[in-house]
Each structure stands twice: as structure tokens, then as C-alpha cells.
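Student: Protein sequences, first through last, are from chains Z and D. Our numbering runs 4 ahead of the 1-based position in the first sequence. Our numbering runs 15 ahead of the 1-based position in the second sequence. Note that beta-carbon positions come from the ideal geometry of N, C-alpha and C, so glycine has one too. First the structure, then my questions, so here it is.
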Amino acid sequence: MLDIKNLQVTADGKQILNGIDLHVNAGEVHAIMGPNGSGKSTLARALAGHPEYQVTAGEVLYEGRDLLDLDPDERAREGLFMAFQYPVEIAGVTNAYFLKAALNAKRKHQGLPELDAIEFLQLSKAKAKLLQIDQGMLNRAVNEGFSGGEKKRNEIFQMALLEPKLAILDETDSGLDIDALKVVADGVNGLRGPERAIIVVTHYQRLLNYIVPDFVHVLSGGRIVKSGDKSLALELEQKGYGWIEAA
Amino acid sequence: MAQVADRLQPWLATLDGRPRGGSRWLQDLRDRAASRFVELGFPTVRDEDWRFTNVAPIASSEFRPAPAARVDAEALKAFVYADAPLRIVIVNGRFAPELSRTSGLPTGMRFGSLAAASTDHADVVGRYLGQLADSEQRAFAALNTAFTHDGAYLFIPDGVVLDQPLQLLFVSAGDPGQPATMSHPRSLIVAGDRSQARIVETYVSAPGAKHFTNAVTELVAGEGAVVDHYKVEEESVDAFHIASMHIHAARSSNVSTHAFTLGGRLVRNDIIAVLDGEGAEATLSGLYLADGNRLVDTHTTIDHAKPHCPSHEVYKGIIGGNARAVFNGKIIVRQDAQKTDAKQTNRALLLSDHATINTKPQLEIFADDVKCTHGAAIGQLDEDALFYLRTRGLPFAEARDLLIHAFAGEIIDRVQIEPLKRALEAELYAQLARDLAEVDAA
Chain Z
5 MLDIKNLQVT ADGKQILNGI DLHVNAGEVH AIMGPNGSGK STLARALAGH PEYQVTAGEV
65 LYEGRDLLDL DPDERAREGL FMAFQYPVEI AGVTNAYFLK AALNAKRKHQ GLPELDAIEF
125 LQLSKAKAKL LQIDQGMLNR AVNEGFSGGE KKRNEIFQMA LLEPKLAILD ETDSGLDIDA
185 LKVVADGVNG LRGPERAIIV VTHYQRLLNY IVPDFVHVLS GGRIVKSGDK SLALELEQKG
245 YGWIEAA
Chain D
16 MAQVADRLQP WLATLDGRPR GGSRWLQDLR DRAASRFVEL GFPTVRDEDW RFTNVAPIAS
76 SEFRPAPAAR VDAEALKAFV YADAPLRIVI VNGRFAPELS RTSGLPTGMR FGSLAAASTD
136 HADVVGRYLG QLADSEQRAF AALNTAFTHD GAYLFIPDGV VLDQPLQLLF VSAGDPGQPA
196 TMSHPRSLIV AGDRSQARIV ETYVSAPGAK HFTNAVTELV AGEGAVVDHY KVEEESVDAF
256 HIASMHIHAA RSSNVSTHAF TLGGRLVRND IIAVLDGEGA EATLSGLYLA DGNRLVDTHT
316 TIDHAKPHCP SHEVYKGIIG GNARAVFNGK IIVRQDAQKT DAKQTNRALL LSDHATINTK
376 PQLEIFADDV KCTHGAAIGQ LDEDALFYLR TRGLPFAEAR DLLIHAFAGE IIDRVQIEPL
436 KRALEAELYA QLARDLAEVD AA
């Protein structure tokens, strides 16, 4: 599904990713771990197409297509979703309006009929219930005045509605209490399936107790320095990142 | 002074032809204003209040006083609001009874021609007309007063609560290609104690018409009166529009005024609100769209003269093309005005690299126990918000339009008159769509 080869990325003229190689098949869950400043979030943002990150070398194939050639919105309509580490507040636009527009943009792209207001409401209510998310959230402005936990839940809610093929979670677990963490994990686990792939970017192992990854990669200095299965995450939890950086 | 008079040469002849007659006091008011205007002359960019707005194109033009004209009711359909059964229409500064609907007013209420009221309601008109609009200091107000003959008059007796909105529709009738005309519409609104009303002032002209509208509105809100006022300016993009709105708010009254500026080549709106009784509250909000080579200048003054008065001010502008905007928000807190709570926000969205705004908050605080906040935010669309929307699949143009509409929506949502709100949305979004199509093509 996703094939990253020698990806090098700069931001603000500073090289952050120094050649990432990563292969993700449909049906897999990959965890990307690493110390602060290792480039985890840069990888997530570059894959989503953030304009502040310039790809200087390498290639990314998504379902056989050149992902880097697509605009951020095209990537989204093709099934890529990134849950933001810091979701953006948008005053004056309700979640319901925004998500209906987003969902319909995608449906249009897929050649499906657009949902009307009632169909959207039914669908979003069902998803909200499934994730135990307060439906009142739908009528509030996007992330405005949301607590940190609410913002992250909202990201997962959006993900559940948009049903991406490839979901990238950029430190969605940071700052969450255990209840919110479970909501996030339920949302992600609900999405797991043979036709989808998930990349979980996280600093801590805790989330991986709930979203059990097939592979764990450790990023350091803009490179993947170690890959393994879920036991690698536990090892990192015990030993910290020091031994990786020293290696 | 001689120099000022020299520059005013063509205007002196026009002033000589100003309206005569009517009551003695009105004649005196006009004469005093005319002499004062000649002394003041037009403001120049050397005047602090006009630094960024050069009115030389007005001062150096010759405008013929707009003649009496008839307008087809059909032509005005787009500008009258279905649920405003009461309206007065002023064409070229003159009350047009055939277009107005003023029947079935509550006992004692007056809604109609200012000229008529200056004789048959002279005690009230004489008491208030020209009391708020300062012809001594303000050249355009003096010019308006010198020409004051007819206009709109609204008197709401004490305790009368109007559940239907009232509309004042000002039409500059003149066609493109005709010599430029000017009119000086005057409105006097007296809202009695504990009265309540929603009032819409609308200024329109034919597309492409060249004219100069110099409007003055005085609004007196009695004790406990609640007045919700809207001004919609959608004149020709070749029009000059200079207007001042003067508000006097008595104890415990609540006045809000919302200005929507969608037309005009050079538009200047002055709003001066005096909170002159304890607990009086004022809300000033505005939304303007400036594009092409247009200039939209807003100067507001909220004068907190008495204690415990809250004021809320939010102005937003969308500026594209080579357009310019000016926003100057002055808040005065007098020595007596303890416990003042004043909040001012000014935001502008620049759609092009050539669009500019000059913005300035101006706080003059003479009391010590007050809360005054102000903030200005000028800039392009929020890149992070744009990216966020796009990562959810919205194409760039759709994401951008959504953010711009949300920006404007905060002000439009304040409109309490549903048909007006819909009309404003439709007009604003249509104009925005044209502007953004230009941005996309560039």
C-alpha cells in the first residue's frame, strides 16, 4: 500500500529526515516511535502534504502512485488520513458542516452520490455513538474551545466517518487520560481490516497496549534505526531511547 | 481662510443654490452650517482623521444637486425586505410617498418625511435635529446640514414596542453616463423611553451611476430604549459615499448598529456613539468588502460618558484587488465613567498582495476603574486551517471559500432580521465569488 524509499525532508531549510525506507502492506499496523526531534511528526506531516515540509529526495508510492505528486486534498480523497498532533481550531464552521463537506468531497471523487443533510446526520450519529462521542460536538465549531482530549476524540471521529485506507496518527495519544486513550484505540481498532493500513506515531508505548502493532520502528536522527515487532516497544519502554541513540 | 474659499469655488455656487424656506429655525440651521462648511472646507490628508482617505476626488468634482426623480417600484424590489411592511423610500433626498408604506402606525408614532415633520412635528424635530451631528467640527456633516431639506423621520413614542422591522431606503436615481449628482440624505430617529425597534437603512443606486451621497443619521435612544440598527450600503461601485451616524444613548438603553458596506468607490463611515446614562450599552459591528480600486474607511467613536456602560465592537473586512481599507476605533472613557467595560476587535482578511489596510485603535481613558480591551488581526487566510481542511479532502478553493464565509458569517449571523440576513449573504457571497474567480485567474 505504502512504499517509502530514501525519503529526505527539510523544513525551514533544515534537514530533518535523512532517508526513510518503510514498506506498509494493507492490513498492517505500524508503530513509529522515537525520541523528541527524531523526525516522527515530520514523517507524518510530509506524508499528508504539509506545505512547510519539502521533500528533497526519495519517493513515496501509495497504491502504486506517486503520493508526493498529489495535493493534500487529493491525498485525502484517495484515502489517506492524518490525525493531527495539534488539531486546528476553525471558528465559524461547525463540525457537522465541515465533515459533511469532507465526506461528500470524497464520495464525489469515488463516483458515489453525495449525502444529504439527513443521511449525513444519521451516519454521524451512528459513528458518534459507536465511539461514545458526545453528539453535541457535531454542532460546535471545529475544535474551537475543545479540550485537548476532545480535540483528539474529534480527530478519531473524523477518521471513523471518512474511513481512510491509510490512517496516520501523529501522537494522537499525547496528553490523553486513559478514557480518551481507549476511545482513540477503539476508533483505530474499529478501522483495522485487511484492506486498510495504519501508522501510529507515538512517543510512548502506552497506546500500543491498546492498539497492538504488527511492526515497530524506531526513528532517530531522521532515520529508522531499528525495526521489530511489538516487543521492541516494550523494550523501549523499559530502557528508554538512550541505548538506541547511543547505538 | 481665503485659500479654503478658493478651493471651494464651484461649491460656493452650489451652496448658494441650497434649499430655502421651511421653518425659521431650520433656515437658520442650514445657514449656520453653510457658513461653517465654507470656513472648514473639505478635510485633507493633513487632518489626522482623514490621513488615509483623500477626498480630493469629491472636492474637485462638480456634482449637480440630484433633481426630483421617479423610480419604478419594480426596480426597488430587490432592496426591500418582505417582512418590513413599514418602509419609507427617499429618492434623491426626497421622500417618495408612492413608494413608502407608512399606514397603521401605533398612536403617536411618526414615520415619514423629515420635511413634513419639520413643520408639523416641529417641537421634536427642532429639539433634536443637528444636536448630535456636529456641524462645527465635521465638514461633511455641515455640508449635509446646509442642504437639509427632506429625509427620513422616525419618532417612536415612549413604551411603544415595534415587532416588525422598519426600513429606510435611500435611492440615488441617476443613470450611468449622466452628469454626476449629489444628495444629502438626512435621517432623524427618536426612540422614546422603553421603546423598541429594529431599523434598516439601505443605500442603493443603479450599477455604474456616478454620484455622491453625503448622509447623516442622528439616533436618539431614550431611557431603556432598545434599538437594533442596520446600515446596508450597496451603491454603485462608482459612487462616493460619506456618512456619519450619531447616536445618543440614555440610561439603560441598548443600541446596536451593524454596518454592511458592499458598494461604493470611496466609502467613509463615521459612527459616533455617546453612552450618556448609567447602564447604557452599545454594540457596533460591521462587515465590509473592498475590491478593485475601492476604498472603505470606517471611523468609530464610542464615548463612555457615564459609569457602568458596556460597549462591544467587532469590525471585519475582506479586502482584495488593489483595494484599501481604513479602520480607526476610538474609545473615550470620561472621568465619571467608572466600571466601563469596552471591548474592540478589528479583523481584516487580505485576499491579494496589493490589498492594504491601515488600522488604529485609539483609547482615551480618564477613569481608573475600567476594563478596555482592543485587538486587531490583519492577514491572509490561516494557512494551518487551510491545510487542515484540505487534509480532510476539501479542494483548495472550497476550503478557502469555507474559511472566508466563516469569517464573514460571524458578523452576518448577528442580523436579527431573517430576510435581510439572507439578502446580505447572497449579495456578499456573489461578490466574493467574483473576486475569488479573479484571484484564481491571476
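#1: Whose Cβ in chain D lies nearer than 7 Å to the Cβ of Z/GLN162?
#2: Rounded to whole angstroms, what's the CA-CA distance from D/ALA17 to D/LYS92? Just pull it up for me.
#3: From Z/GLU243 to Z/PRO168, what distance separates their C-alpha atoms?
#4: Does D/GLU425 get closer than 8 Å to chain Z when you measure Cβ to Cβ?
#5: Strictly by DSSP, which residues pair up with D/ASP285?
#6: For the alpha helix (DSSP H) containing D/GLU433, list its first residue and its last residue.
#7: Any beta-carbon of chain D closer than 8 Å to the one on Z/PHE150?
#8: Cβ closer than 8 Å: which chain D residues qualify as neighbours of Z/LEU166?
#9: Within 10 Å of its beta-carbon, does D/SER118 have 16 or more other beta-carbons around it, so buried, or fewer, so exposed?
#10: Could you name the residues that DSSP lists as bridge partners for D/PRO191?
#11: Check each candidate in Z/THR98, Z/PRO91, Z/THR176, Z/ASP177 and name the one with the smallest Cα separation from D/GLU425.
#12: Mind the definition here: the region 53-69 of chain Z touches the region 213-228 of chain Z only if three or more C-beta pairs lie below 8 Å; say whether that holds.
#13: Mapping DSSP to helix, strand and coil, what is D/MET16?
#14: Relative to the C-alpha of D/ILE214, which candidate in D/PRO325, D/TYR245, D/ALA414 has its C-alpha closest?
#15: Taking the C-alpha atoms as reference points, what is the distance between Z/ALA80 and D/ALA236?
#16: Assign Z/PHE88 to one of three DSSP states: helix, strand, or coil.
#17: Just mark D/TYR330 as buried or exposed, buried being the case when its beta carbon has 16 or more other beta carbons within 10 Å.
#18: I need the boundaries of the alpha helix (DSSP H) containing D/VAL329, first residue and last residue.
#19: Look at the alpha carbon of Z/VAL204 and the alpha carbon of D/LEU443, and state the distance between them as a whole number of angstroms.
#20: In this structure, does DSSP put D/LEU23 in helix, strand or coil?
#21: Using only CA atoms, which one of D/ILE372, D/ASN107, D/ILE317, D/HIS420 lies nearest to D/PRO199?
#22: Is there contact between the region 363-371 of chain D and the region 384-403 of chain D, where contact requires at least three CB pairs shorter than 8 Å?
#23: Please list the residues of the region 84-96 of chain Z that have a C-beta atom closer than 9 Å to any C-beta atom in chain D, keeping them in chain order.
#24: Report all residues from its chain with a CB closer than 6 Å to the CB of D/ASP416; omit the five preceding and five following residues, and keep chain order.
#25: Which residue wins for smallest C-alpha separation from Z/LEU11, given the options Z/MET5, Z/ASP25, Z/GLY17, Z/LYS18?
#26: Output yes if chain D places a C-beta closer than 8 Å to the C-beta of Z/LYS131; else output no.
#27: Would a C-beta distance cut-off of 8 Å place Z/LEU212 and Z/MET163 closer than the cut-off?
#28: Return no unless some Cβ of chain D is closer than 8 Å to the Cβ of Z/LYS110.
#29: Tell me, please, whether the region 66-78 of chain Z touches the region 31-43 of chain Z by the rule of three or more beta-carbon pairs shorter than 8 Å.
#30: Taking D/LEU281 as the reference, give the member of D/SER267, D/THR298, D/ALA254, D/PHE381 with the closest Cα.
#31: Beta-carbon within less than 8 Å of D/THR388's beta-carbon, same chain only, minus the 5 sequence neighbours each way: which residues are those?
#32: Can you give the Cα-Cα distance for Z/THR206 and D/ASP383, rounded to whole angstroms?
#33: Within the continuous beta strand (DSSP E) that includes D/SER267, where are the two ends?
#34: Label Z/LEU134 either buried or exposed according to how many other C-beta atoms from any shown protein chain fall within 10 Å of its C-beta, with 16 as the threshold for buried.
Tutor: Based on what the coordinates show:
#1: ARG407
#2: Because D/ALA17 carries a pLDDT of 49, less than 50, the predicted location of this residue cannot be relied on, and the following value inherits that uncertainty. When rounded, the distance between both Cα atoms is 48 Å.
#3: A small correction: the amino acid at residue 243 of chain Z is Lys; Glu does not occupy that position in the sequence shown. Taking the straight line from one Cα to the other gives about 34 Å.
#4: yes
#5: D/SER259, D/HIS314
#6: 433-456
#7: no
#8: ARG407, GLY408
#9: Classification for D/SER118: exposed.
#10: Answer by DSSP bridge pairing: none, since D/PRO191 is not bridged.
#11: Ranking the options by Cα distance to D/GLU425, first place goes to Z/THR98.
#12: no
#13: Residue confidence for D/MET16 is low, a pLDDT of 48 falling below 50, so the modelled location carries little weight and cannot support an answer.
#14: With distances taken between Cα atoms, D/ILE214 lies closest to D/TYR245.
#15: Those two C-alpha atoms are separated by around 55 Å.
#16: In the structure shown, Z/PHE88 sits in coil (DSSP, three-state: anything other than H, G, I, E or B).
#17: buried
#18: Unbroken run through D/VAL329 is the beta strand (DSSP E), 325-334; no alpha helix (DSSP H).
#19: 43 Å
#20: coil
#21: What sits at residue 199 of chain D in the sequence shown is His, not Pro. For D/HIS199, the nearest C-alpha among the options comes from D/ASN107.
#22: The region 363-371 of chain D, when compared against the region 384-403 of chain D, does touch it at the 8 Å Cβ threshold.
#23: Those residues of the region 84-96 of chain Z that come within reach of chain D (Cβ to Cβ, closer than 9 Å) are LEU84, PHE85, MET86, PHE88, TYR90, PRO91, VAL92, GLU93, ILE94, ALA95, GLY96.
#24: none
#25: Comparing Cα positions, the closest option is Z/ASP25.
#26: no
#27: no
#28: At a cut-off of 8 Å between beta-carbon atoms, Z/LYS110 makes contact with chain D.
#29: No contact exists between the region 66-78 of chain Z and the region 31-43 of chain Z.
#30: D/ALA254
#31: ALA357, LYS358, GLN359
#32: Taking the Cα positions, Z/THR206 is about 51 Å away from D/ASP383.
#33: Note, D/SER267: premise wrong, no beta strand (DSSP E); not H, not E.
#34: Its Cβ having fewer than 16 others within 10 Å, Z/LEU134 is exposed.
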